[in-house]
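Asker: Before anything else, here's the structure in question.
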Amino acid sequence: MTQVNINGKLFDRAEAKVSVYDHGLLYGDGVFEGIRIYSGKVFRLHEHIERLYESARSILLEIPWSREKMIEQVLFTVEANKKIDGYIRLVVTRGVGNLGLDPNKCSEPQIIIIVDDISLYPQRMYDEGMEIVTSSIIRCHPNSISPRIKSLNYLNNILAKIEANRAGVPEALMLNHLGEVAECTADNVFVVKHGLLRTPPPNAGILQGVTRDTVIELAETAGITVQEIALTRHDVYTADELFLTGTGAEIVPVVKVDGRPIGSGKPGPITKQLRERYLVLVRQ
Ligand code: PMP
């Protein structure tokens, strides 16, 4: 039975409940993280915790636990669930308030740690590559809700995901307010061109993915030059290779965008090489 940690106490999954007055539910007022467990070890836990606290700081939400205590509680919950390979969802909400917006009316933030199985893309997508479409939904303007905040307000991404669903593909490419490539609904984007690896910079309206940062490190170790640079749809359509990165997806090749084949129309050699290196790293 799944044990869910709420504010430091474990509850059976069916008993793990929060108030309907919680502003996380009423307004999407809160932050979260998605983290992988590989072979009993939590992958890049410190990086995820750092991003969680940065997201919280950006929305002026003070997490009542220190980073050390948060790490301790995550590890405790993984242990309690005896999870060897799985997924951690860490959520911090503004807490219980009244029906108005004012966060000052909220009591204590609620800290929720769920440890569960992960639902993965089918193996076929890694072997043959994925098809995606460009979404008509523009990624949030950085001066609205910054995409750098991993907030509970994911409607921007969900609307793009609905477009992907309706187009019969698993992901959608989102452009920023300047019309540049930002990211997909839950993954970062990389293109390969003439042996160079290119990805939009954090200020292009993206979440700075932990997987993205890991892939940049792996590429540099492999002697592949990485450029964090603004990309357009032209760069995507004319790329030699294209792939997405994310905690759940890891590294997934993309072979078709808006019905156009990318590169050879098959997963490319640099994508494959980075994916192999990534799988070695996570299993270390
Ligand atoms: N962009 C968005 C919008 C995301 O939600 C995520 C997380 N799934 C990512 C990118 C990838 O980030 P990470 O590699 O840290 O999972």
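When the letters of the sequence shown are read in order and numbered with my numbering, they come out as residues 778 to 1061. In this text, a Cβ means the ideal position worked out from N, Cα and C, and glycines have one as well.
(1) Starting from the N-terminal side, write out each stretch of the alpha helix (DSSP H) that is 4 residues or longer and does not extend beyond the segment 968-1011.
(2) Contact defined as beta carbons within less than 8 Å: I believe residue 1018 pairs with residue 1048. What is the distance between those atoms, to the nearest angstrom?
(3) Count Cβ pairs between the segment 863-875 and the segment 914-921 that sit closer than 8 Å; are there 3 or more?
(4) For the ligand PMP, any of its heavy atoms closer than 8 Å to the Cβ of residue 947?
(5) Under the rule that 16 or more other beta-carbon atoms within 10 Å means buried, what is residue 914, buried or exposed?
(6) Give a yes or no on whether the C-beta atoms belonging to residue 965 and residue 1023 are separated by under 9 Å.
(7) In whole angstroms, what is the alpha-carbon distance linking residue 891 and residue 807?
(8) For the ligand PMP, enumerate in chain order all residues having a CB closer than 5 Å to any of its heavy atoms.
(9) Do residue 804 and residue 881 have their beta-carbon atoms positioned less than 9 Å apart in this structure?
(10) Under the three-state reduction of DSSP, which class applies to residue 871: helix, strand or coil?
(11) Measuring alpha carbon to alpha carbon, tell me which of 938, 1037, 894, 989 ends up nearest residue 779.
(12) Using the DSSP secondary-structure output, state which residues sit across from residue 908 in a beta bridge.
(13) Counting contacts by CB-CB distance shorter than 9 Å, is residue 849 in contact with chain D?
Answerer: The relevant details are as follows:
(1) 987-998
(2) Mapped onto the sequence shown, residue 1018 falls at position 241. Mapped onto the sequence shown, residue 1048 falls at position 271. Right, the Cβ-Cβ distance comes to about 5 Å (below 8 Å), so this counts as a contact.
(3) no
(4) As a position in the sequence shown, residue 947 is number 170, starting the count at 1. Not so, every heavy atom of the ligand PMP lies at least 8 Å from the Cβ.
(5) Position 137 of the sequence shown, counted from the start, is the residue given in the question as residue 914. Buried.
(6) Within the sequence shown, numbered from 1, the residue matching residue 965 stands at position 188. Within the sequence shown, numbered from 1, the residue matching residue 1023 stands at position 246. Contact flag set, yes.
(7) For this step, residue 891 is matched to residue 114 along the sequence shown. For this step, residue 807 is matched to residue 30 along the sequence shown. Their Cα atoms are separated by approximately 16 Å.
(8) 960, 963, 965, 984, 986, 987, 988, 1023, 1024
(9) Indexing the sequence shown from 1 puts residue 881 at position 104. Indexing the sequence shown from 1 puts residue 804 at position 27. No, they are not a contact pair.
(10) Taking the first residue of the sequence shown as 1, we reach residue 871 at position 94. Of the three classes helix, strand and coil, the one that applies to residue 871 here is coil, per DSSP.
(11) Taking the first residue of the sequence shown as position 1, residue 779 is located at position 2. Considering only alpha carbons, the answer is 894.
(12) Translated into positions along the sequence shown, residue 908 becomes position 131. Answer is 1033.
(13) The structure shown contains no chain D, having only a single protein chain.
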